[in-house]
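Be aware that the sequence shown starts at 9, since it is given in this note's numbering, and climbs by one per residue.
Here's the structure, in C-alpha cells; my notes come after.
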Amino acid sequence: MSSTRREFLKVGATATGALALGIDPSQGGVIPALAAPLKILVLGGTGFIGPHMVRRARERGHTITLFNRGRSNDDLFPDLETLIGDRDGKLDALKGRKWDAVIDTSGYVPRHVRDSANLLKGNADQYLFISTVAVYADFKKPGITEDYPGGAMADPTFERVTGESYGPMKVLAEKAVQEAFPTGAIIVRPGYIVGPGDSTDRWTYWPVRVAAGGELLAPGEPSYPMSIIDARDLAAFVVTLIEKKSAGVYNAVGPTRPVPMGSMLEQLKAITKSNASFTWADAGWLAEQKATFPIWNAPTGGYAHLHSVSNAKAIAAGLTFRSLAQTTKDTLEWWNGLPEERRAAMRSGLRKAPELETPTAPMAKQMEVETQLLAAWKARGK
Ligand SMILES: NC(=O)c1ccc[n+]([C@@H]2O[C@H](COP(=O)([O-])OP(=O)(O)OC[C@H]3O[C@@H](n4cnc5c(N)ncnc54)[C@H](OP(=O)(O)O)[C@@H]3O)[C@@H](O)[C@H]2O)c1
C-alpha cells in the first residue's frame with residue numbers, strides 16, 4: 009500500500025468500532041494509515057503505563073512481546089508472548105530474537121538500560137525509552153525545551169533510586185540508549201502521568217477529594233499552573249512515534265497549556281457534580297505547617313516552573329490530549345472499582361507532619377487533618 013495514500017485503515021483483528029475505521033475519538037480525529045504491523049518488545053508492560061501502551065499498540069494491529077519477571081499483574085495479557093527474565097543481569101530470553109521496536113517503560117538503573125540496549129542493538133531498529141522531565145538540572149525558567157541541561161550524577165555507578173538520583177540516573181540511561189541506537193533512539197520525557205491504573209494516587213487525590221465535597225483546603229494561588237498527562241495520551245504518542253520512526257527527544261506533558269490550579273479544581277467540581285468550596289491557603293503558611301499536597305508545588309526556587317515545561321516539539325510530532333472531563337471520569341470509575349481496603353490505603357494526598365506521617369491514609373483521615381488546617385488558617389493572626 010502506498011504510504012502517501014490518505015485513507016482510513018482497518019488496523020487489526022483486535023480493533024473495534026470507530027478505532028477500526030481509523031477514527032480515534034480520544035485523539036480527536038483520524039489515525040494515519042498504518043503501513044505495516046510492527047513487532048514490538050515491551051520491557052515491563054504490566055505496571056501502570058505499560059498496559060496502556062500494550063493496548064494502544066494492539067489496537068493499531070502491532071504484535072507485542074513482553075519481557076518482565078512475571079511478578080506484577082501477570083494475568084493481564086494471557087494471550088501475549090511473555091519472556092521471563094530480570095533487567096538485572098538475566099536477559100537471556102532476549103537473545104537471538106528480532107523486533108522492529110523496543111518500548112522500555114521499566115528502566116531506572118543506567119546499567120540495566122545499557123545492558124538491554126546493547127543486547128538489542130542490531131536486533132531492533134528503534135529503542136523508545138520512557139524517561140522523565142525530572143532529568144532537567146532545575147526548573148528555574150518556564151518553557152524548558154529538550155535541549156535544557158540535565159542533572160549530573162556525582163557517582164555514575166550509583167544504583168539506588170531516590171528523589172535526588174532518579175533524574176540524573178535517567179540522564180545516564182538516556183545516553184546509554186542513544187549510544188547503542190545512534191539513529192533509532194526515541195527518548196520520551198513525561199511529566200506527571202495520571203489516569204486509570206495510576207498506582208501512586210497522586211493526581212487521583214484531587215478528583216476523589218473534590219467529589220467528596222465540602223470545604224476543601226486548596227494550596228497557594230488559584231493561578232498556579234498544573235500540568236499532567238493522561239497515560240492513554242502518552243501511550244498513543246509513544247505508538248505514533250514508533251510508527252513514524254521519529255527518533256529524537258520529546259517532553260511529554262499536557263495539556264496544550266498548563267491549567268491554572270483554580271480552574272482545574274472548578275472543572276473537577278463541575279465534572280463530579282460536587283458541592284465543594286475552595287479555601288486557598290498561602291503556600292508559605294502551608295510550608296510552616298509541614299503540609300504538602302500531591303502534584304502541586306509552590307512556583308518558587310528550583311522547581312518554580314516544573315509545571316510549564318515545553319511540549320511544543322511533542323505536539324508537532326503528534327501528541328494530543330483528551331479532555332480533563334474524560335480523564336476525571338475514567339480515573340474515578342477505576343478508583344471507585346478498587347477493593348475497599350485499597351481505597352482506604354490511599355497512597356498520596358494531603359500530608360501533614362506529624363498527624364499524617366504514614367505513606368497511606370484513608371480519605372476520611374485526610375479530611376480530618378484538612379479540617380484542623382482550615383481552622384488554623386482561619387484563626388491565624390487572631
Ligand atoms: N508515574 C509518573 O508520573 C511518571 C512520570 C514520568 C516518568 N515515569 C516513568 O514511567 C515508568 C513507570 O512506569 P510503570 O509505573 O508503568 O512501571 P514500572 O513500575 O516502572 O515497571 C513495571 C513493569 O516493569 C517490570 N519490571 C520491573 N522490574 C523489572 C526487572 N528488574 N526486570 C524485568 N522487568 C521488570 C514489571 O513486571 P515484573 O514486576 O513482573 O517484573 C512491570 O511489567 C518509569 O520509567 C518512570 O520513570 C513515570
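Yeah, the Cβ is synthetic: ideal placement off N, Cα and C, and Gly gets one too.
Could you tell me whether the stretch 322 to 334 touches the stretch 245 to 255, using the rule of 3 or more Cβ pairs below 8 Å?
Yes, the stretch 322 to 334 touches the stretch 245 to 255.
Please state if the CB of residue 143 and the CB of residue 343 are separated by a distance shorter than 7 Å.
In this structure, residue 143 does not lie closer than 7 Å to residue 343 by Cβ.
Under 6 Å Cβ to Cβ from residue 114, same chain only, skipping five residues before and after it: list those, please.
51, 52
So what does DSSP say about residue 303, is it helix, strand or coil?
Here residue 303 sits in coil by DSSP.
With respect to the alpha helix (DSSP H) encompassing residue 126, which residues constitute its N-terminal and C-terminal limits?
118 to 128
Given 6 Å as the limit, tell me if residue 198 has its C-beta closer than that to any heavy atom belonging to ligand 1.
The beta carbon of residue 198 sits closer than 6 Å to at least one heavy atom of ligand 1.
Taking Cβ positions, are residue 232 and residue 269 nearer each other than 7 Å?
yes
For residue 52, verify whether its CB is less than 6 Å away from any heavy atom of ligand 1.
Yes - ligand 1 has a heavy atom lying nearer than 6 Å to the Cβ of residue 52.
Grab me the residues of residue 110's own chain with a C-beta within less than 6 Å of its C-beta, minus the 5 sequence neighbours each way, in chain order.
49, 128, 132, 135
May I ask you to report which of helix, strand or coil DSSP gives residue 34?
With a pLDDT of only 46 at residue 34, under 50, the local geometry of the prediction cannot be trusted, and no value is derived from it.
Is residue 76 near ligand 1, in the sense that its beta carbon is under 6 Å from a heavy atom of that ligand?
yes
For residue 192, which residues of its own chain have a beta-carbon under 7 Å away from its beta-carbon, when the five flanking residues on both sides are left out?
For residue 192, where only same-chain residues beyond five positions count, the Cβ hits under 7 Å are 133, 134, 135, 255.
Using a Cβ-Cβ cut-off of 6 Å (strictly less than) and excluding sequence neighbours within five positions of residue 205, which residues of its own chain qualify?
56
Tell me which residues share the same chain as residue 125 and place their Cβ nearer than 7 Å to its Cβ, disregarding the 5 neighbours each side in the sequence.
135, 184, 185, 188, 189
Which stretch, first to last residue, makes up the beta strand (DSSP E) that contains residue 378?
Premise fails: residue 378 lies in the alpha helix (DSSP H), 371 to 387, not in any beta strand (DSSP E).
How about the stretch 352 to 365 and the stretch 206 to 215: do they share at least three Cβ pairs that are nearer than 8 Å?
yes
Please classify residue 333 as buried or exposed, where buried requires at least 16 other C-beta atoms within 10 Å of its C-beta.
exposed
Run through DSSP, which three-state label would residue 229 get?
coil
Tell me the residue span of the beta strand (DSSP E) that contains residue 197.
Per DSSP, residue 197 belongs to the beta strand (DSSP E) from 193 to 198.
So, helix, strand or coil for residue 234, using DSSP?
strand
Can residue 179 and residue 199 be called in contact, C-beta distance under 7 Å?
no
If distances are taken between C-alpha atoms only, which option among 262, 374, 347 comes closest to residue 151?
262
Secondary structure at residue 67, three-state DSSP: helix, strand or coil?
helix
Under 8 Å Cβ to Cβ from residue 59, same chain only, skipping five residues before and after it: list those, please.
Within its own chain, the residues whose Cβ lies closer than 8 Å to the Cβ of residue 59, once the five positions on either side in sequence are excluded, are 53, 81, 84, 85, 205, listed in chain order.
Give me the Cβ distance between residue 382 and residue 287, rounded to the nearest whole Å; I'm assuming they're in contact under 8 Å.
6 Å
Please report the Cβ distance between residue 284 and residue 221, rounded to the nearest whole angstrom; I am assuming they are in contact, meaning their Cβ atoms lie under 8 Å.
That belief holds up - the Cβ atoms of residue 284 and residue 221 are roughly 5 Å apart, short of 8 Å.
Which full runs of the alpha helix (DSSP H) of 4+ residues lie inside the stretch 304 to 377, going along the chain?
320 to 324, 332 to 344, 348 to 352
For the beta strand (DSSP E) that residue 258 lies in, which residues bound it at each end?
That run of the beta strand (DSSP E) goes 256 to 260.
With a threshold of 6 Å, establish whether the CB of residue 114 neighbours any heavy atom of ligand 1.
Between ligand 1 and residue 114, a heavy atom-to-CB distance of less than 6 Å is present.
Under DSSP, the alpha helix (DSSP H) around residue 241 begins and ends at which residues?
239 to 251
Per DSSP, which residues does residue 138 bridge with? Please list them.
DSSP output for residue 138 lists 196 as bridge partner(s).
By DSSP, does residue 214 sit in helix, in strand, or in coil?
helix
How is the beta strand (DSSP E) around residue 296 delimited, first residue to last?
Where residue 296 is concerned, there is no enclosing beta strand (DSSP E), although the alpha helix (DSSP H) it sits in stretches over 291 to 296.
Which residue marks the beginning of the beta strand (DSSP E) containing residue 280, and which one marks its end?
No beta strand (DSSP E) holds residue 280; the alpha helix (DSSP H) holding it covers 269 to 280.
Only counting the same chain, and skipping five residues up and downstream in sequence, which positions put a Cβ closer than 8 Å to that of residue 340?
Excluding sequence neighbours, residue 340 sits near 215, 216, 219, 280.
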